[in-house]
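Heads up: the sequence shown at position 360 corresponds to 360 in full-length UniProt numbering, and the numbers run straight through without jumps.
To keep things clear, I will list the structure first and then write my remarks on it.
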Amino acid sequence: MKTVATRKKGEMPTRKERSLPRMMASSRNLLLTLLFVVIFSFFSNTVLHFFNGYNIYQVSQQGVIIGLLAIGEALVIISGGGAIDLSVGSMLSLSGMILGYLHIVLGVNIWVSVICAVLVGGLLGAINGFLVSKLRIPPLIVTLATFYGYAALALQITGTRPLPDATQRNLPQSFPDAFVMLGNGNVQDIPWLSWIPRIGGQAIPFQVLLIFLPVVLITLFCLRKTIAGRYLYGVGTNALAARFAAIHVWNVRFWAYVASGLLAGIAAVIQTALSASATPNVGDGMNLQAITIAVLGGVSIAGGEGGILGIVLATLIVIFLNNGLGLQFGDAAGVWQLAALGLLLIGSVLFNEFLRRRLALKS
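Structure below.
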């Protein structure tokens, strides 16, 4: 008769148990890399104007925005307990409208408005976190409600009109050039970064190198090397054990939502600078993309598992897949893009479960 080995209380996990998440991450990241290469190669050979520097430049600009939202979404889901954030797109829209209203309507300094927009994003995330962690309302219900609520507030500021508003001649009709460069500039515009080579004739977008990359590296460091990261994974893996270890579970989840809100605020700043306007419905649909990227990147919907490298790879897959389909089908691309996102989402969930079971048997 077989005996099942059990670990006694307080006993450290075995080397195989500790290596299982790393094995899963390595296998998944390899597959994501191959999938990206296949998608990129396919559209490069079948779609006109896909593989050129200008198109890649534009796609990478938009990729920074959805990538920031996906990182925030991943932090929330990793915290476990069924945590999810359906409101990231609405937080982006509302934060962007606050930025536009402060500067265009009230005349607040643009950089003060930028800081306020990011802080508003953090505040919106804190509201989500408070309702989930303190009042114990299910995350799905909370973030679905705030998804609608934040979107309604964004629309309430100007209706459906963007800022600047061409119909309001008494108000400024543009954002400052220095702010617009935040979303449209490139590293060649900065003297001390002008040595960085161009790719395909195009310089690297400013926000990729000086905003997205630092956020990725900081998040990666925090998750891997800090006690906050260990707490986040610990709470997501086993909340009861985390409580026994004197970890404040609900505080960890609260700050995960705050981080998601702050990243949505940063994304709102970049989106507003990129389009040179604040639009109340600009975040529509971004929540679904962020969730898809998080799950595709290896974040377990059960919590306690996921990494930043997978999120970056999944972001590349989604943005270039959407771009390729957009160039291929034109006005009819929306249907294909939604279908592709749905297939990626269900496929990634099934693959995560398959990989978990297969590697668990091997270990």
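Beta carbons are placed, not taken as given, at the ideal position from N, Cα and C, and that holds for glycine.
These numbers come from a predicted model, not from an experiment.
Distance between residue j and residue i (C-alpha atoms, nearest Å)
i       : j       : result
Leu-210 : Leu-75  : 21 Å
Ala-242 : Gly-324 : 44 Å
Arg-356 : Gly-67  : 25 Å
Gln-188 : Asp-177 : 16 Å
Leu-327 : Gly-285 : 19 Å
Val-252 : Leu-171 : 43 Å
Tyr-148 : Leu-240 : 32 Å
Val-105 : Val-295 : 39 Å
Phe-259 : Gly-125 : Note that residue 259 corresponds to Ala in the displayed sequence, not to Phe. Rounded to whole angstroms, Ala-259 to Gly-125 spans 7 Å at the Cα level.
Met-91  : Leu-262 : 9 Å
Ile-110 : Leu-99  : 8 Å
Gln-168 : Thr-272 : 19 Å
Pro-138 : Phe-50  : 43 Å
Phe-179 : Ile-115 : 12 Å
Ala-332 : Val-47  : 15 Å
Val-276 : Gln-62  : As written in the sequence, residue 276 is Ala, which differs from the Val given in the question. About 14 Å.
Ala-360 : Leu-213 : 33 Å
Ser-194 : Ile-204 : 10 Å
Leu-274 : Gln-58  : 10 Å
Arg-136 : Phe-354 : 32 Å
Lys-225 : Arg-358 : 28 Å
Ala-339 : Phe-244 : 44 Å
Phe-329 : His-248 : 50 Å
Ala-246 : Leu-123 : 27 Å
Neighbourhood of residue i by C-beta distance below 6 Å, restricted to the same chain and skipping five residues each side
i       : result
Met-97  : Ala-154, Ile-157, Ala-278 and Pro-280
Ser-95  : Ala-117, Val-120, Gly-121, Gly-265 and Ala-268
Ala-290 : Leu-69, Ala-70, Glu-73 and Val-88
Leu-341 : Thr-292
Leu-220 : Ile-308
Phe-351 : none
Gly-185 : Phe-206
Gln-337 : Asn-322 and Leu-325
Leu-223 : Gly-229
Pro-13  : With a pLDDT of 43 at Pro-13, under the threshold of 50, the modelled position of that residue is not reliable, and no figure is offered here.
Residues near residue i in its chain [Cβ-Cβ closer than 7 Å; skip 5 each side]
i       : result
Ile-270 : Val-64, Ile-65, Leu-182, Gly-183, Gln-207 and Ile-211
Gly-304 : Ile-78, Gly-80, Tyr-233, Gly-236 and Thr-237
Ile-127 : Thr-146
Tyr-54  : Gln-202
Thr-33  : Leu-313
Arg-250 : Inspection of the sequence shows that residue 250 is occupied by Trp rather than by Arg. For Trp-250, where only same-chain residues beyond five positions count, the Cβ hits under 7 Å are Ser-133 and Lys-134.
Leu-162 : For clarity, residue 162 is Pro in the given sequence; the question names Leu instead. Within the same chain, Pro-162 has close Cβ partners Ser-277, Ala-278 and Thr-279.
Leu-144 : Leu-86
Residue burial classification, residue i (beta-carbon count within 10 angstroms, cutoff 16)
i           : result
Tyr-231     : buried
Gln-173     : exposed
Leu-343     : exposed
Pro-197     : exposed
Ile-218     : exposed
Val-37      : exposed
Val-215     : buried
Arg-28      : buried
Leu-334     : One point to set straight first is that residue 334 is Gly, not Leu, in the sequence displayed. Its Cβ having fewer than 16 others within 10 Å, Gly-334 is exposed.
Gly-283     : buried
Ser-129     : Checking the displayed sequence, the identity of residue 129 turns out to be Gly instead of Ser. Result: buried.
residue 409 : Since the first residue shown for the chain is 1 and the last is 363, residue 409 is missing from the structure and cannot be characterised.
Ile-346     : exposed
Ser-348     : buried
Leu-30      : exposed
Bridge-paired residues (DSSP) for residue i
i       : result
Asn-186 : Pro-205
Leu-106 : DSSP lists no partner for Leu-106.
Ala-278 : Leu-163
Ile-199 : Gln-202
Neighbour flag for residue i against chain D, beta carbons, 9 Å
i       : result
Leu-153 : Structure shown: chain D not included; a single protein chain is present.
Sub-9 Å separation of residue i and residue j beta-carbons
i       : j       : result
Ser-79  : Ala-314 : no
Gly-200 : Asn-45  : no
Gly-297 : Ile-311 : yes
Asn-322 : Leu-86  : no
Ser-93  : Ala-151 : yes
Phe-175 : Pro-164 : yes
Phe-254 : Val-142 : no
Gly-82  : Leu-140 : yes
Ile-301 : Ile-84  : yes
Ile-317 : Ile-39  : yes
Residue i Cβ short of 8 Å to the ligand FAD heavy atom set
i       : result
Gln-173 : The ligand FAD is absent from the structure shown, which contains no ligands of any kind.
Chain-order list of residues whose beta-carbon lies under 8 Å from that of residue i (same chain, five-residue window excluded)
i       : result
Phe-112 : A small correction: the amino acid at residue 112 is Val; Phe does not occupy that position in the sequence shown. Around Val-112: Leu-102.
Thr-160 : Pro-280 and Asn-281
Phe-42  : Gly-324
Gly-306 : Ala-74, Ile-77, Ile-78, Ala-294, Gly-297, Gly-298, Val-299 and Ser-300
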